[in-house]
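K.L.:
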Amino acid sequence: MSPGSVVWFEIGTADPQAVQEFYGPLLGWTFETDPDSSARGRAYIRILAPGAPWPMGAIQQDAAGGEVVNLSVMSADVRDDVERLKRLGAKVVVPVTAVGEVTVFARLADPRDNTFAVFSRTASKDLAERAAATEEHIEQAAQGPALGGFAWFEIGTNDPEVTKEFYGRAFGWRFEKDDSAGGKPYFNIFTGNEWPSGGMYDHCGPGGGGDYAMPSFVVTDVPDTVARAAETGATIEHGPDGNPDGLVFARLVDPRGNRFGLFSMPAEPPVSV
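The sequence shown runs 68 to 340 under my numbering.
1) Grab me the residues of glycine 313's own chain with a C-beta within less than 7 Å of its C-beta, minus the 5 sequence neighbours each way, in chain order.
2) For the beta strand (DSSP E) that valine 159 lies in, which residues bound it at each end?
3) Please list the terminal residues of the continuous beta strand (DSSP E) segment that includes glutamate 221.
4) Should asparagine 325 and isoleucine 78 be called a contact, given that it needs their Cβ atoms to be closer than 7 Å?
5) Since threonine 292 is in the alpha helix (DSSP H), which residue starts that stretch and which ends it?
6) Count the other CB atoms within 10 Å of the CB of serine 69; is the residue buried (16 or more) or exposed (fewer)?
7) Contact check, phenylalanine 98 vs arginine 113 under 8 Å by CB: the rounded distance?
8) Counting only the same chain and skipping the five closest in sequence on each side, list residues whose C-beta sits under 6 Å from that of glutamine 127.
9) For valine 74, which of Gly95, Met141, Arg295 has the nearest alpha-carbon?
10) Relative to the alpha-carbon of glutamate 318, which residue among Val136, Asp226, Met281, Ala237 has its alpha-carbon at the smallest distance?
11) Kindly indicate the opening and closing residues of the beta strand (DSSP E) around lysine 244.
12) From Arg179, Met267, Gly91, Val145, pick the residue whose C-alpha is nearest to that of proline 156; which is it?
13) Mind listing, in chain order, the continuous alpha helix (DSSP H) runs of no fewer than 4 residues lying wholly within the region 73-130?
14) Spell out the partners DSSP gives asparagine 255 in its beta bridges.
15) For threonine 287, count neighbouring Cβ atoms within 10 angstroms of its own Cβ and tell me buried if that reaches 16, exposed if not.
16) Grab me the residues of phenylalanine 330's own chain with a C-beta within less than 7 Å of its C-beta, minus the 5 sequence neighbours each way, in chain order.
17) Are the CB atoms of aspartate 269 and valine 169 within a distance shorter than 7 Å?
18) Can you name, in chain order, every residue of its own chain whose Cβ lies under 8 Å from the Cβ of glycine 95, other than the five neighbours on each side?
19) Could you give the first and the last residue of the continuous alpha helix (DSSP H) run that contains alanine 237?
20) Once the 5 residues before and after valine 163 are set aside, which same chain residues still bring their CB inside 7 Å of it?
21) In the DSSP assignment, find the unbroken beta strand (DSSP E) run with aspartate 308 in it and report its ends.
22) If we ignore side chains and look at the alpha-carbon of each, how far apart do histidine 204 and alanine 119 end up?
23) What residue range does the alpha helix (DSSP H) around leucine 319 cover?
24) Measure the beta-carbon distance from proline 322 to glycine 300 and round it to whole angstroms, keeping in mind my assumption that it falls under 8 Å.
25) Contact defined as beta carbons within less than 8 Å: I believe arginine 236 pairs with leucine 93. What is the distance between those atoms, to the nearest angstrom?
26) Pull up the distance between the alpha-carbon of serine 349 and that of valine 161, whole angstroms please.
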């Protein structure tokens with residue numbers, strides 16, 4: 068939960084009900100309206116993974132009809148960060164906005180036009196207790212990510228050097244080539260922790276793709292989940308694919324046009340007796 072960490076994601080949509088009807092059955096998510104963050108007739112709906120004590124993201128109603136998914140980065144000072152990020156080449160999409168006494172946030176686009184947000188949390192007792200519950204859940208997740216949960220993020224780019232330079236200077240992220248990816252041009256992203264929490268896919272080569280930034284969710288069976296997602300209107304962009312170590316992944320676009328990833332962890336080797 069330190070500044071520079073990706074700790075939240077948002078799905079902006081004109082039809083929150085349709086988003087809930089897609090992801091709820093697919094990943095077992097449950098939803099609750101956040102009365103503090105819902106304003107001017109637009110709902111802000113928290114997303115909870117199965118068994119999670121606290122939300123991992125939210126659905127934000129956008130009456131203008133824009134469909135967008137963004138990663139959210141913890142900030143110590145949103146106003147200061149926005150000015151600094153602008154100097155690094157980011158563009159402001161939603162200016163610094165205070166949501167009551169709940170949070171302060173701003174939404175931006177990086178130099179490759181990927182949308183992300185920076186936000187700071189309140190120091191109120193209520194949210195401090197919730198943050199403690201979240202941190203306890205993170206400690207539990209270190210022993211294995213919760214199924215259906217937000218357990219990784221991914222940035223795809225056709226200009227990896229610009230992407231690495233921007234996020235390295237913006238948040239101190241460190242990029243390391245992933246040797247377990249079987250030769251794929253994939254880089255693990257370290258946001259300040261001992262272990263990576265995201266990855267960057269270099270799309271410069273043949274068969275690459277466009278630029279994006281997306282949340283990824285852990286499931287038991289990627290091919291089965293991909294098939295069920297396709298049956299309910301999702302588009303499969305990549306996969307299911309796999310690494311030599313047994314990790315399986317896929318990239319999809321939901322029926323509203325928002326991109327997301329699915330992955331399953333490698334099977335643990337049998338314990339010899």
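Even glycine gets a Cβ: it sits at the ideal position worked out from N, Cα and C.
Quick caveat: nothing in here was measured; it's all calculated off a predicted structure.
P.N.:
For this structure:
1) Excluding positions up to five away in sequence, the list reads Pro333, Ala334.
2) Unbroken beta strand (DSSP E) run through valine 159: 158-166.
3) Counting along the chain, the beta strand (DSSP E) containing glutamate 221 begins and ends at 217-224.
4) With a cutoff of 7 Å on beta-carbon distance, asparagine 325 and isoleucine 78 are scored as near each other.
5) It spans 289-298 - the alpha helix (DSSP H) in which threonine 292 sits, taken as one unbroken run.
6) By the neighbour-count rule (16 or more Cβ atoms within 10 Å), serine 69 is not buried but exposed.
7) In this structure phenylalanine 98 is in contact with arginine 113, their Cβ atoms being roughly 7 Å apart against a cut-off of 8 Å.
8) Taking glutamine 127 as the centre and dropping the five residues before and after it, the same chain places the C-beta of Glu77, Gly79, Tyr111 closer than 6 Å to its C-beta, in chain order.
9) Minimum Cα distance to valine 74 is reached at Met141.
10) The displayed chain sequence assigns arginine, not glutamate, to residue 318. Of Val136, Asp226, Met281, Ala237, the residue nearest in Cα terms is Met281.
11) Bounds of the beta strand (DSSP E) holding lysine 244 are 241-244.
12) Looking at the sequence provided, one finds glycine at residue 156 rather than proline. Here the closest residue by C-alpha is Arg179.
13) For the region 73-130, the continuous alpha helix (DSSP H) assignments of 4+ residues that do not extend past its boundaries occur at 83-94, in sequence order.
14) Glu243, Gly266.
15) Per the 10 Å Cβ criterion, exposed.
16) Closer than 7 Å at Cβ, skipping near neighbours: Trp219, Ser283, Val285, Val289, Leu314, Val315, Phe316.
17) In this structure, valine 169 lies away from aspartate 269, with their beta-carbon atoms at least 7 Å apart.
18) Same-chain partners within the cutoff: Ala116, Pro117, Leu214, Gly215.
19) Counting along the chain, the alpha helix (DSSP H) containing alanine 237 begins and ends at 227-238.
20) Cβ within range, chain order: Val145, Arg146, Val149, Val171, Ala173.
21) Note, aspartate 308: beta strand (DSSP E), 302-309.
22) The predicted model places histidine 204 with a pLDDT of 46, which falls under 50 and marks its position as unreliable; any figure quoted below should be read in that light. Distance between the alpha carbons of histidine 204 and alanine 119 is about 7 Å.
23) Premise fails: leucine 319 lies in the beta strand (DSSP E), 315-320, not in any alpha helix (DSSP H).
24) Proline 322 to glycine 300, Cβ: 4 Å. Contact.
25) Going by Cβ atoms, the distance from arginine 236 to leucine 93 rounds to 37 Å, so no, they are not a contact pair.
26) Residue 349 lies beyond the residue range present for the chain, which begins at 68 and ends at 340; the question has no answer from this structure.
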